[in-house]
Amino acid sequence: MLVVVTATINPLFLTPQGVKDLLLNATIVVILAIGQALVIITRNVDLSVGSILGLVAFGTGTLFAVYPGIPIILVFVIGMAFGAVLGAVNGLLVTIAKVPALVITLGTLYIYRGVNNAWAGGTQYFAGDRPRAFSSLSTDTIFGFPLITLLAIAVVVGVAIVLAYTRAGRDLYAIGSDPAAARLFGIPVTRRVLGAFVASGVLAGLAAVLYASRFNAVGATTGTGLELDVVAAAVVGGVAIFGGSGTVVGAAIGALLLTTITSALTALRVDKFWQQAIVGVLIIAAISVDRLVSLNRARKLRVSEARNV
Amino acid sequence: MSERTIVRSGEGVPATTAGTLPVRVRSRWTRILLSRDAVMFYALIAVVVYAYTQVPYFASTQTVGFLLLDVIPILLIAMPMALVIITGEIDLSVASTVGLTSAVMGVLFQAGVPIGVVLVLCLLLGTVLGAVNGFLVTALGLPSLAVTIGTLALYRGFALVVIGDNAVANFPQELTRFSTSKLGDTGIPVVMLLVLAVALVFGVLLHFTPFGRALVALGFNKEAAAFVGIRVGRAKFWLFVSTGLVSSLAGIFWTLRYSSARSDNATGIELAVIAAVLLGGVSIFGGTGSIPGVIIGVLLIGTINYTLRLARFSDVVLSIVTGALLIASVVAPSIAEWARGRLHARRTARLELQRAAAQ
Amino acid sequence: MTTPTLADDIPVLELHHASKAFGAVVALSDGTIEILPGEIHALVGENGAGKSTLIKVLAGVHRPDSGDFRLDGKPVSFGTPADSKAAGISVIYQEPTLFPDLTVAENIYIGRQPRGRGGLISRSTMRAEATKLFATLGVPIDPERIAAGLSIADQQIIEIAKAISLDARVLIMDEPTAALSGVEVERLFGVARSLRDRGAGILFISHRFDEVFGLSDRITVMRDGAFIATHTTGSVTVDAIVREMVGRDISALFPKEEAVIGDPVLSVRGLGRAGVFSDISFDVRAGEIVGLAGLVGAGRTEVARAIFGIDRYDAGSVEVNGVPLRPHDPQSAITAGLGLVPEDRRKQGLVMELSVTRNATLTLRTALARFGLISGAREHALGEDWSRRLQVKTASPDLPVATLSGGNQQKVVLAKWLATDPQVLIVDEPTRGIDIGTKAEVHRLISDLAGRGIAVLMISSELPEVLGMADRILVMREGRLTATIDRTDATAERVMFAATETLESTP
Amino acid sequence: AAATPGDSGGSDGDGATEALSIAFLPKQLNNPYTDVVLSGGKAGTEEIGGEYSVVGPLEASASSQVSFINTLTQQGTKVIVIAANDPDAVGPALEEARAAGAKIVAFDSDTNPDYRDVFISQVVSKDVALIQVEQIAEQIGGSGEIAILSATANATNQNEWIKFIEEELASNPEYADITLVAKVYGDDDDAKSFQEAQGLLSAYPNLKGIISPTTVGIAATARYLSTTDFKGKVALVGLGLPNEMREFVKDGTVKEFALWDPAQLGYVAAFAGQALVDGTITGAVGDTFMAGELGEKEVGEGGIVIVGPPTRFNADNIDDYDF
Ligand SMILES: Nc1ncnc2c1ncn2[C@@H]1O[C@H](COP(=O)(O)OP(=O)(O)OP(=O)(O)O)[C@@H](O)[C@H]1O
Ligand SMILES: Nc1ncnc2c1ncn2[C@@H]1O[C@H](COP(=O)(O)OP(=O)(O)OP(=O)(O)O)[C@@H](O)[C@H]1O
Ligand SMILES: [Mg+2]
Ligand SMILES: [Mg+2]
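Protein chains in written order, with this note's numbering: chain A, 31 to 339; chain B, 484 to 842; chain C, 121 to 627; chain D, 18 to 340.
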């Protein structure tokens with residue numbers, strides 16, 4: 031709807047370039063939001079995604095700087111593996127020490143960022159340091175669709191299937207729904223939660239490599255403050271913050287919506303100063319609508335199940 | 484259904500306790516001295532003593548002043564935040580409330596409104612902003628994490644709308660000087676008195692009033708709290724209001740201390756506040772936490788930060804230390820628990836052996 | 121001690137001299153049990169005797185500190201519940217363990233969902249199987265519904281369906297019938313018997329002796345964390361078992377005290393909540409115990425919640441001493457002199473993480489305060505006082521209530537309300553999951569209250585309890601009051617008839 | 018820790034006995050532009066034989082610099098060289114530092130003149146603004162819509178330049194056909210600037226050129242343009258680092274941009290600090306001091322020391338620079 035309104039007011043919004051830009055912008059947040067959704071569904075949260083993205087993105091820049099001829103695919107693999115390691119650190123701390131993820135990942139948010147700062151210092155790597163083929167990944171299109179957007183769609187579909195149709199995926203919902211019961215029931219809670227964090231790390235790693243491909247500079251502050259955007263995207267997309275429900279398709283749509291809002295506001299020439307306020311209103315509106323719908327559903331359930339009293 | 488025998492236990496028979504080991508019920512004092520808050524306090528003292536003896540320039544009253552001035556906004560906001568987190572909610576919009584208060588303060592002052600009126604309006608504004616959060620969370624039943632991510636953007640957005648890219652700096656000298664003035668030559672900022680008052684209010688509220696009891700109960704179990712007549716929604720609403728109010732107070736202090744009203748003031752300090760509160764022993768799941776603990780948590784991070792800066796460590800180290808401390812503070816009890824469990828298991832096994840030998 | 125073993129059968133599961141301590145509390149000091157294939161084995165004992173702990177050891181939830189654990193005669197050690205499940209042991213825990221966000225069908229098959237094409241879960245197969253399962257159990261639950269909002273009884277039924285569907289060699293049930301009504305209990309027993317006939321070993325815990333004697337082949341008694349004896353059911357009497365459980369002689373049946381009945385204190389008029397109950401009107405007078413009977417799901421709990429102000433209602437009014445109560449405001453109900461002992465004590469009755477003292481004084485927080493401040497010493501004294509008066513078994517009133525056994529937890533809930541000196545007390549299933557000794561104490565307490573002029577509304581699914589305690593019995597069916605029966609006219613048949621007759625035939 | 022305990026109330030005379038401590042406090046650490054500036058500062062300090070140190074926040078916010086000033090004050094630092102994130106927010110802290118005997122040299126971005134001794138300015142603000150207007154006018158042929166992509170909404174320097182740009186566009190008849198249609202802010206964040214650039218082009222289909230008076234902004238915009246159909250059609254000028262912009266100048270995205278040599282700022286600031294400490298200058302108009310290989314510098318109106326005019330970078334000369 032937002033897209034339609036914007037497109038009528040500003041036709042340029044839906045030119046091929048406009049659509050391409052929209053999708054490209056959303057891609058990175060979409061991928062991060064998918065990972066975040068996985069973690070939130072298990073009644074945890076990963077606040078360190080921004081820092082992980084920063085570290086891996088800088089790592090990617092470094093890789094190309096140190097080994098200019100490195101195959102691009104290998105960079106993706108290394109980036110995702112690096113993300114997996116960082117995610118695993120979160121996951122291990124959360125599961126082994128049995129402490130709240132919010133605290134742990136707030137801690138690793140600081141630590142990863144610190145490490146990134148220490149490692150990068152003032153160094154930044156620019157697009158020019160990376161091969162053309164790598165940069166063009168984020169601009170090439172197939173049938174008008176940007177390559178990396180197709181990649182994101184593939185990730186969404188893949189993760190959605192895992193969540194909906196595999197036992198491990200369903201276990202995540204059970205864990206988020208009632209962790210104590212899940213443990214009593216014999217669901218391998220530790221392994222699954224760890225898995226969710228690793229997956230979130232891997233996806234953050236993937237997003238980071240794409241980030242390096244799309245944006246000019248990667249350095250010490252890359253990805254700062256992204257965590258709240260990502261959580262907001264997942265929540266706007268209907269992932270319950272207390273776990274147990276929500277889908278990655280929802281999270282992806284949430285991410286798309288939030289980025290669309292920003293682009294749409296710019297395209298509508300809304301005063302820059304109002305933009306952030308409007309984003310805030312929209313976040314609140316989205317969760318309110320979600321809540322009203324679910325309340326309504328609950329009431330219908332109550333009435334429909336009632337004996338005719 | 485068949486007949487059922489209803490029997491009654493013999494009168495006066497002492498309740499048989501399940502076969503318990505000789506219970507080592509620790510005395511009140513041992514418990515206090517070994518509590519989490521106490522351990523944090525020892526850590527704080529250790530840091531101070533170390534810095535005092537080892538870090539050049541630390542041993543001066545200037546340290547006290549600069550250090551306290553730095554932590555005041557966080558310390559202020561941490562008080563209501565602790566209560567909010569104890570009830571199982573969270574408020575991420577505090578930094579934006581600081582920013583919006585600052586912006587409004589600047590604009591009103593520049594428009595010629597008398598400074599006294601400006602201050603009152605600012606506090607009122609904070610109250611309203613908190614009430615909006617409270618309304619969304621309690622009346623609509625929305626998750627506070629999500630709501631306050633929304634208002635975090637919204638309030639910061641308003642700040643931009645209000646003051647745009649301007650900065651207002653010419654606040655009355657008496658006020659800006661007052662905000663950094665010290666108590667005699669102790670080095671302690673005068674504003675600390677206000678902060679202490681706020682801490683006292685929240686500390687007493689949490690630990691010594693019926694309302695505090697209600698907060699703790701509802702933090703652990705909302706439903707059970709409702710069943711003893713605790714007005715869960717109302718209690719939370721007022722906590723959000725208090726968070727807004729105190730954040731605007733912090734906003735006023737911030738503006739005066741830096742004598743600069745800008746839309747981006749205090750950006751990002753919400754995470755610092757939450758980190759300090761959690762380090763102070765408040766459980767993110769609600770229920771557990773104490774005001775002295777939170778104060779110690781804030782001071783601990785503040786002191787370590789300041790010491791590291793004095794010792795010329797870069798901020799890089801600082802953020803790593805903050806993160807590590809936060810993680811250690813929650814992981815350490817788990818490790819201690821585990822160690823105690825091992826010890827206990829060994830003790831039980833030994834007792835079993837003795838019992839077996841005795842038979 | 122006698123440990124008769126049925127001839128040459130090797131027990132599927134046996135545990136000898138197991139111990140388990142939580143911190144300083146030794147929950148189990150000598151846990152011993154043998155489950156044979158093809159038997160139904162009852163485990164009885166007072167609250168806190170360690171029955172649930174024993175079961176959790178068998179299930180791999182707790183690792184015993186010591187003891188000899190064997191499966192088919194071979195030593196085993198379960199690290200997690202998954203291990204025990206893999207060994208064919210299926211457990212229904214005392215507290216239902218459903219996942220509120222998942223559908224009923226998925227709750228039953230979680231972790232072992234039927235897989236279809238490409239190794240992916242087949243939802244249609246899952247739904248079909250669940251429907252089939254509910255058909256055999258004879259319960260009309262929609263498998264596609266999410267579990268959130270199910271009544272405790274429905275939750276328990278789903279737990280049972282889950283355990284049965286596992287087709288386990290050993291089925292362990294911790295008070296499976298506590299939340300069930302007669303019909304459902306019978307159905308469950310039918311299923312249990314057929315499982316036994318197929319060779320499964322079944323262990324169940326119950327505080328209801330009719331069930332224990334009606335169903336089991338053997339009975340094991342525990343006391344204070346230790347094994348006392350195992351009997352074959354036919355060769356032992358209720359009295360003998362009770363004596364072993366309590367470790368002392370038991371005096372007679374608890375007699376109801378006659379109290380002087382005064383004016384109406386609680387008046388409910390035309391109370392209705394769409395889809396749940398309607399047109400509920402009754403009075404409870406001072407000194408009177410009114411029993412509210414009915415099948416599970418009749419809506420009794422919902423009525424109590426509405427009266428107390430937890431839920432909203434759409435029609436009618438509630439008055440205490442002629443003064444209308446503000447709807448949907450428990451605090452004003454409490455101020456007016458109302459108290460409610462809810463049916464789910466873990467979720468509604470207690471704050472499990474708080475100490476016995478804090479829980480007991482939670483209703484008194486305002487009264488405890490002087491000049492707005494609470495005195496810790498008075499709070500403490502009060503807590504001690506009430507845990508002594510109700511004989512709460514705990515090492516210290518400063519320990520979290522979570523460390524108490526179910527029955528002792530219930531006493532804390534009662535203490536909490538008695539401390540407010542209420543005029544009207546609503547008790548919802550006050551003796552659910554409570555052992556026989558404690559139950560009598562609870563009955564005596566309730567009777568005492570009535571004797572002191574308090575109006576009591578007692579919701580109970582146990583007919584003998586209602587018949588024995590109540591001066592007047594209200595019966596609910598499908599959200600309506602169908603009968604009011606006086607104590608003198610009350611028989612089990614009349615109550616059951618009113619609870620089960622169809623609405624159409626109501627005069 | 019390099020510092021040793023000493024009396025913190027040092028007066029001018031102490032400078033002779035121990036190494037002159039000069040602390041640089043940039044807007045933000047770990048920023049490439051900052052690093053270039055600091056490299057000059059380091060060179061200058063070493064030439065003087067002073068003790069060089071850098072402290073600073075990781076984020077460029079108004080208040081974050083204050084605690085660093087405080088610690089520097091406490092350590093008895095003789096010269097604090099600061100690039101202020103906010104002209105007033107650092108004021109009270111700087112006053113305290115001065116009271117404790119420190120000399121304050123502002124560089125790159127000025128504080129309120131009350132709070133510092135001298136300001137080392139890259140160039141005259143107006144020159145910076147004018148050169149950008151000139152460049153954009155040349156590149157779009159003197160007429161059409163243009164937009165500005167700046168740093169943060171509160172950035173002191175950028176806002177001053179933008180003010181001059183707007184005045185020049187309004188007053189100079191040569192630019193009558195040029196309309197400034199939008200000002201957006203990329204917050205000196207690469208990703209944000211990138212998206213803002215993109216937003217501009219989708220919002221203003223007739224846009225002919227963009228001015229980005231910030232190194233991060235111009236690089237991000239160039240990168241966006243280089244990957245789209247707008248490459249070569251929409252002009253881009255502003256202030257950029259040659260090393261970051263080289264690629265875009267070579268591929269035709271950018272014809273010409275401007276900047277001064279940032280290293281000179283730091284270099285001169287170090288010498289100004291020394292001159293203040295040893296009393297050669299007081300910050301009064303007309304004071305002069307020797308700034309190493311850059312020769313004599315004079316304190317101008319308002320205590321400002323100008324380092325040099327901006328340079329234009331284009332395909333012809335860009336390979337001659339490495340910063
Ligand atoms: N996790 C735990 N931590 C501490 N103490 C515990 C824990 N679980 C049980 N206990 C204690 O162990 C003892 C035995 O409890 P258990 O739940 O096994 O009793 P039970 O026989 O099942 O009682 P009920 O019939 O009331 O359910 C009790 O004293 C209880 O307080
Ligand atoms: N057969 C059923 N169909 C639909 N809903 C039911 C059914 N049985 C129970 N419920 C649910 O239970 C609620 C009413 O049951 P409630 O728990 O109030 O009954 P109760 O008589 O108090 O039973 P209990 O003995 O469990 O306390 C209804 O709101 C409904 O959600
Ligand atoms: Mg039990
Ligand atoms: Mg009920």
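We put the CB at the ideal spot given by N, CA and C, even for glycine.
Name, please, each residue of chain C whose Cβ falls closer than 7 angstroms to the Cβ of residue 207 (chain A).
219, 220, 221 and 222
Grab the span of the beta strand (DSSP E) containing residue 110 (chain A) for me, first residue to last.
Annotation for residue 110 (chain A): no beta strand (DSSP E) segment contains it, though the alpha helix (DSSP H) segment containing it runs 102-126.
Using a Cβ-Cβ cut-off of less than 8 angstroms, list which residues of the segment 716-750 of chain B approach chain D; keep chain order.
737, 740, 741, 742, 743, 745, 746, 747, 748, 749 and 750
What are the start and end residues of the alpha helix (DSSP H) that includes residue 172 (chain C)?
171-178
Compute the Euclidean distance between the alpha carbons of residue 338 (chain A) and residue 598 (chain C), then round it to the nearest angstrom.
With a pLDDT of 39 at residue 338 (chain A), under the threshold of 50, the modelled position of this residue cannot be trusted; read the value that follows with caution. Each residue's Cα considered, the two are about 9 angstroms apart.
Beta carbon of residue 126 (chain D), beta carbon of residue 87 (chain D): below 8 angstroms?
No, these two residues do not count as a Cβ contact at 8 angstroms.
Below 8 angstroms on the Cβ atoms is my contact criterion, and I expect residue 494 (chain C) with residue 696 (chain B) to pass it. Report the Cβ-Cβ distance as a whole number of Å.
7 angstroms
Which of helix, strand or coil does DSSP assign to residue 332 (chain C)?
helix
By DSSP's criteria, residue 330 (chain D) is part of a beta bridge. Which residues make up the other side?
D:274
Taking DSSP's pairing of strands, which residues face residue 229 (chain D) in a bridge?
D:255
Grouping DSSP H, G and I as helix and E and B as strand, with all else coil, what is residue 472 (chain C)?
coil
When DSSP labels each residue in this structure, what does residue 612 (chain C) get in the three-state scheme?
helix
Return the Cβ separation of residue 281 (chain D) and residue 57 (chain D) in integer angstroms, given the expectation that the two are a contact with Cβ distance under 8 angstroms.
With a Cβ gap of about 6 angstroms, residue 281 (chain D) and residue 57 (chain D) count as contacting.
Measuring only the C-alpha atoms, how far is residue 135 (chain A) from residue 773 (chain B)?
23 angstroms
Counting only the same chain and skipping the five closest in sequence on each side, list residues whose C-beta sits under 6 angstroms from that of residue 370 (chain C).
In this prediction, residue 370 (chain C) has a pLDDT of 47, which is less than 50 and means its spatial position is unreliable; what the coordinates show is noted afterwards. Counting only Cβ-Cβ distances below 6 angstroms, and skipping sequence neighbours, we find 362.
Verify whether the separation of the beta carbon atoms of residue 707 (chain B) and residue 718 (chain B) is less than 8 angstroms.
No.
Please list, in chain order, all residues of the same chain as residue 757 (chain B) whose beta carbon is under 6 angstroms from its beta carbon, the five residues on each side excluded.
none
Does any residue of chain C bring its CB to less than 8 angstroms from the CB of residue 657 (chain B)?
no
Could you check whether the Cβ of residue 795 (chain B) sits closer than 8 angstroms to any Cβ belonging to chain A?
It does not: the Cβ of residue 795 (chain B) has no partner Cβ on chain A nearer than 8 angstroms.
Please name the residues in the segment 185-218 of chain A whose beta-carbon is closer than 8 angstroms to at least one beta-carbon of chain C, in chain order.
191, 194, 195, 196, 197, 200, 201, 203, 204, 206, 207, 208, 210, 211, 212, 213, 214, 215, 216, 217 and 218
Pull up the distance between the alpha-carbon of residue 170 (chain D) and that of residue 179 (chain D), whole angstroms please.
Going by the C-alpha atoms only, they are around 11 angstroms apart.
Going by C-alpha to C-alpha distance, which of B:619, B:624, B:648 and B:641 sits closest to residue 167 (chain D)?
B:648
Would the beta-carbon of residue 98 (chain D) fall within 8 angstroms of that of residue 40 (chain D)?
Residue 40 (chain D) sits close to residue 98 (chain D), with the two beta carbons spaced by under 8 angstroms.
Looking at the secondary structure, which residues open and close the beta strand (DSSP E) in which residue 322 (chain D) lies?
321-323
Give a yes or no on whether the C-beta atoms belonging to residue 55 (chain D) and residue 71 (chain D) are separated by under 8 angstroms.
yes
Closest by CA to residue 119 (chain C), which one among C:464, C:529 and C:454?
Nothing about residue 119 (chain C) can be reported from this structure: the residues present for chain C run from 121 to 627 only.
Which two residues bound the contiguous beta strand (DSSP E) that contains residue 152 (chain C)?
145-155
Hey, quick one: how far does the alpha helix (DSSP H) through residue 500 (chain C) stretch, first residue to last?
Segment 496-509, the alpha helix (DSSP H) holding residue 500 (chain C).
Could you tell me which of C:149, C:487 and C:266 sits nearest to residue 328 (chain A), measuring between CA atoms?
C:266
Let's test the definition: count the other Cβ atoms within 10 Å of the Cβ of residue 520 (chain B) and tell me whether it reaches 16, buried, or not, exposed.
buried
Quick check on the DSSP output: what are the complete alpha helix (DSSP H) runs of length 4 or more inside the segment 183-216 of chain C, in order along the chain?
201-206
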